[in-house]
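Asks:
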Amino acid sequence: MDLEFLIETMDIIGIVSVAVAALSVHHRFLNEHRVDRRVFATMKREQVLGISGVFLMITSYALRIYFL
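Under this note's numbering, the first residue of the sequence shown carries the number 329, and numbering increases by one thereafter.
(1) Residues in the same chain with beta-carbon distance under 8 angstroms from ILE341, minus the five sequence neighbours each way, listed in chain order, please.
(2) For LEU358 and VAL348, I'd like the C-alpha separation in whole angstroms.
(3) Does ILE386 pass the burial test, meaning 16 or more other C-beta atoms within 10 Å, or should it be called exposed?
(4) Whose C-alpha, out of ILE393, ARG392, PHE368, GLU374, is nearest the C-alpha of VAL344?
(5) What residue from GLU336, ILE335, ALA350 has the CA that sits closest to GLY378's CA?
So, in structure tokens, the structure goes:
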């Protein structure tokens, strides 16, 4: 597997994960018009997705700097 392909894949997965996390919470909140347990559960789940996405973006950046 090409290292550059792996780095770019990690980067795009990270970016999409953060975007999905942000959009999902906003969508739920707009539909519910209140903050209840379901909204908090969505926020917690999307927070993990967002943190994972940021981790992937930082890792891909570090790999890009170190290897390329």
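Glycine residues also receive a C-beta, built at the ideal position from the N, C-alpha and C atoms.
Replies: The relevant details are as follows:
(1) Taken in chain order, the residues that qualify are GLY381, LEU384.
(2) About 15 angstroms.
(3) Under this definition ILE386 is an exposed residue.
(4) Answer by Cα proximity: GLU374.
(5) For GLY378, the closest C-alpha among the options GLU336, ILE335, ALA350 is that of ALA350.
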